[in-house]
Amino acid sequence: MPHYRRAGEVPPKRHTQHRAAGGGDLLFEELMGEEGFSSDSSLLYHRSIPSAVAASRVWELPDQSLVPNHPLLPRHLSTHTLSFGEGADAVTGRRLLLGNPDVRISYVVADAASPLYRNGIGDECLFVEDGSGVVETVFGDLSFGPGDYLVIPRATTHRIVPSGAARIYAIEGNSHITPPKRYLSRFGQLLEHAPYCERDLRGPTPPRLVDERDVEVFIKHRVNGLTGGIGGTVHTLPHHPFDVVGWDGCLYPFAFNVDDFMPITGKVHQPPPVHQVFEGTNFVICNFVPRKVDYHPLSIPVPYYHSNVDSDEVMFYVAGDYEARKGSGIAQGSITLHPGGHPHGPQPGAYERSIGAEFFDELAVMVDTFRPLDLGEAGREVDDGVYAGSWSRGDRGESGGVDG
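For the record, in the sequence shown the residue sitting at position 132 is 115 according to this note's numbering, with numbers rising by one throughout.
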């Protein structure tokens, strides 16, 4: 996030000597930066050498297999029917729903603290469907609750500690995840037309020192530059990575709550890009929040039928009166996949029923990808197998106003 922050103790000039309080030991400066020293970065000051590794072993990742969506079909996945078991955590317990070379979408119900974790492949955007807790990071802590997005930059060492059970929808990029470029000035400030601003972003608390030895960190990383394979490694560090006395810069984890998104509405139906919140390489993240709808006297508030010519569309239904859409099959925790090459839109009856509506009370998170999405093991398990035929039967309805 190109918005400068400073926490803890840093020296007056970068790349100069910085010693512990009272003129003690020399601290170790780490530059954490993007795009080969050519983009956003932060400087962190450690008490111990951050590169030190005492031992390593293989981390056998959860099933990452993907199967093509072939024959081409729209899908309805019911995440709330997935099983996780007691003691699942938000890192090792994730189950893969959908993925392609640019993004992987997983789901987890976590009721235990995760191990220390670092994603060396790309940024993560975690949406908290329900539950609360804290993400402890090398930069400091981020508290979270329902409706929070947690954006965690690539290679940030952290762990996720829920209070009770937390339902988390995980979007893992193979790139960085940022506010849309059209929302930003050429210097990185969020502009007046953006649906949120810097005041809405919560940065981490000041870093806290943890004095422990022989600490394990789980790392997800690339294993083959040609095929883009994903591997896992566990490093044992001689010192706890949370040994930072201060940091400053424009690269750090942050939280944003979906209730702080200010929806853009219009006289007639607005297209999905007005609902965008973040973007990565070859994918975008949008959210559909409670809002007033179209005010043209002849408006049809639900979306027009549309073909995803260049993208696959994934809608995660978080909240709203979906039971009121008789026979839709869509409820809280549902995911719909509408693949490129297939026109979709309101199911029978929803188009007509929406006329005269003035407000939609619903919450959904959408991911649009620009390469086809394949089905992960969890997606294959909870595919209802009948959604593709729902436009052919008059007894099923669309989920209302969202553009899925």
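Even glycine gets a Cβ: it sits at the ideal position worked out from N, Cα and C.
In angstroms, rounded to a whole number, what distance separates the CA positions of Arg40 and His218? 7 Å
Return the first residue and the last residue of the alpha helix (DSSP H) that Gly232 is part of. From DSSP, Gly232 is part of no alpha helix (DSSP H) but of the beta strand (DSSP E) over 227 to 232.
Where Tyr334 falls: helix, strand or coil (DSSP): helix
Which word fits Val50, buried or exposed, when buried means at least 16 other C-beta atoms lie within 10 angstroms of its C-beta? exposed
Output the distance between the C-alpha atoms of Pro54 and Asp293, rounded to the nearest integer angstrom. 18 Å
Give the secondary structure of His327 by DSSP, where H, G and I count as helix, E and B as strand, and everything else as coil. strand
Which residue from Ala314, Gly212, Asp304, Pro329 puts its Cα closest to that of Gln47? Gly212
List the endpoints of the continuous beta strand (DSSP E) containing Glu262. 259 to 263
Taking C-beta to C-beta, are Asn102 and Lys203 nearer than 8 Å? yes
Given a cut-off of 8 Å on the beta-carbon distance, is the pair Ile160 and Gly263 in contact? yes
Across which residues does DSSP place Met298 in a beta bridge pair? Thr319, Met349
Mapping DSSP to helix, strand and coil, what is Thr216? strand
Give the C-beta separation of Gly105 and Ser158 to the nearest angstrom, bearing in mind that I take them to be a contact with Cβ-Cβ under 8 Å. 5 Å
Return the first residue and the last residue of the beta strand (DSSP E) that Ala38 is part of. 38 to 41
How many Å lie between Asp23 and Gly123 at the Cα? 18 Å
Rounded separation between Thr(-1) and Met15 - CA only: 16 Å
Taking Leu167 as the reference, give the member of Glu181, Gly156, Val348 with the closest Cα. Glu181
Close Cβ partners of Arg77 (< 6 Å) along its chain, the five nearest in sequence each way excluded: Ser89, Val91, Ala153
Proximity below 8 Å, CB of Tyr100 to CB of Trp230: no
How about His407 and His289: are their beta carbons less than 8 Å apart? Residue 407 lies beyond the stretch modelled for the chain, which goes from -16 to 387, so this question has no answer here.
Reducing DSSP to helix, strand and coil, say where Thr75 ends up. coil
Burial state of Thr64, where buried means 16 or more other Cβ atoms lie within 10 Å: exposed
Between Pro163, Ala148, Thr139, Val134, which has its C-alpha nearest Asn265's C-alpha? Pro163
Quick check on the DSSP output: what are the complete beta strand (DSSP E) runs of length 3 or more inside the region 79 to 113, in order along the chain? 86 to 93, 99 to 102
Ignore the nearest five residues each way along the sequence and tell me which others in Glu43's own chain have a CB closer than 8 Å to its CB. Gly215
C-alpha distance - Glu425 paired with Gly368, whole-angstrom precision: The requested residue 425 is not part of the displayed model; the chain covers only -16 to 387.
Just list the residues that DSSP pairs Leu27 with in beta bridges. Glu13, Trp230
Of the listed residues Val228, Val285, Phe299, Arg354, nearest to Ala333 (C-alpha basis): Val285
Can you grab the Cα-Cα spacing for the pair Leu133 / Val206, in whole Å? 26 Å
C-beta contact flag for Leu184 and Phe239 at 8 Å: yes
Proximity winner among Val272, Asp243, Asp242, Val241, relative to Pro255 (alpha-carbon distances): Val272
Helix, strand or coil for Asp293 per DSSP? coil
Residue from Ser317, Phe342, Phe353, Ile143 whose Cα sits closest to the Cα of Val301: Ser317
Three-state secondary structure (DSSP) at Gly5? coil
His321 versus Phe11 - alpha carbon distance: 49 Å
Could you check whether the Cβ of Pro33 sits closer than 7 Å to any heavy atom belonging to the ligand ATP? Summarising the ligand content, the structure contains no ligands, and the ligand ATP is consequently not present.
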